[in-house]
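If you want it as structure tokens, here you go:
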């Protein structure tokens, strides 16, 4: 990481290889020992492969986080363009965390009547913010892909 830093790549601002190393300490120490044994111009392939796998893994993790934040931002922009009541906003936050919501969950979450929940959910369906899945007593709602 020192070489990357000296070349202008400040990886500490983007990701932490320590998190990657902590996931499998046995492999980390094995790679370190391999590097120590082969310091005198011998084969450093194992250490280099391990190190670059770590960078690739962390970059993939960061990419996923960036995409998640981007999707969240796009959803927030879409919601900002829609008129939603406080119950519906609470339901969207719940959907972002849990992925789906049933009418009964909506009632509990927002402390409203089943009729109000139906009205709110149908309004969100009409605005194409959510879509309905399942049927009958197994009906639930998910966010539409933005």
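In our numbering, the protein residues as written are 24 to 169. Beta carbons are placed, not taken as given, at the ideal position from N, Cα and C, and that holds for glycine. Here the structure is a predicted model, which is why all the values come from computation and not from measurement.
Are the CB atoms of residue 166 and residue 111 nearer to each other than 9 Å?
In this structure, residue 111 does not lie closer than 9 Å to residue 166 by Cβ.
For residue 182, report the span of its beta strand (DSSP E) as first-last.
Since the first residue shown for the chain is 24 and the last is 169, residue 182 is missing from the structure and cannot be characterised.
With three or more C-beta pairs closer than 8 Å as the rule, is the region 76 to 85 touching the region 117 to 132?
Touching, no, given that fewer than three Cβ pairs across the two stretches are closer than 8 Å.
Between residue 155 and residue 164, which are expected to be in contact by the criterion C-beta below 8 Å, what is the C-beta distance as a whole number of angstroms?
That pair is a contact at about 6 Å.
How would you call residue 144, buried or exposed, if buried means at least 16 neighbouring beta carbons within 10 angstroms?
It counts as buried.
For residue 151, name the three-state secondary structure that DSSP assigns.
Coil, per DSSP.
Return the chain-ordered list of same chain residues with a C-beta closer than 8 Å to the C-beta of residue 50, the five sequence neighbours on each side being excluded.
Result list for residue 50: 73, in chain order.
Alpha helix (DSSP H) containing residue 127: first to last residue?
Its alpha helix (DSSP H) spans residues 126 to 133.
Within a Cβ cutoff of 8 Å, which residues of the same chain sit near residue 105, ignoring the five residues on either side of it in sequence?
Taken in chain order, the residues that qualify are 150, 152.
Find out if the Cβ-Cβ distance for the pair residue 140, residue 130 is shorter than 9 Å.
Yes, the pair counts as a contact, with Cβ atoms nearer than the cut-off.
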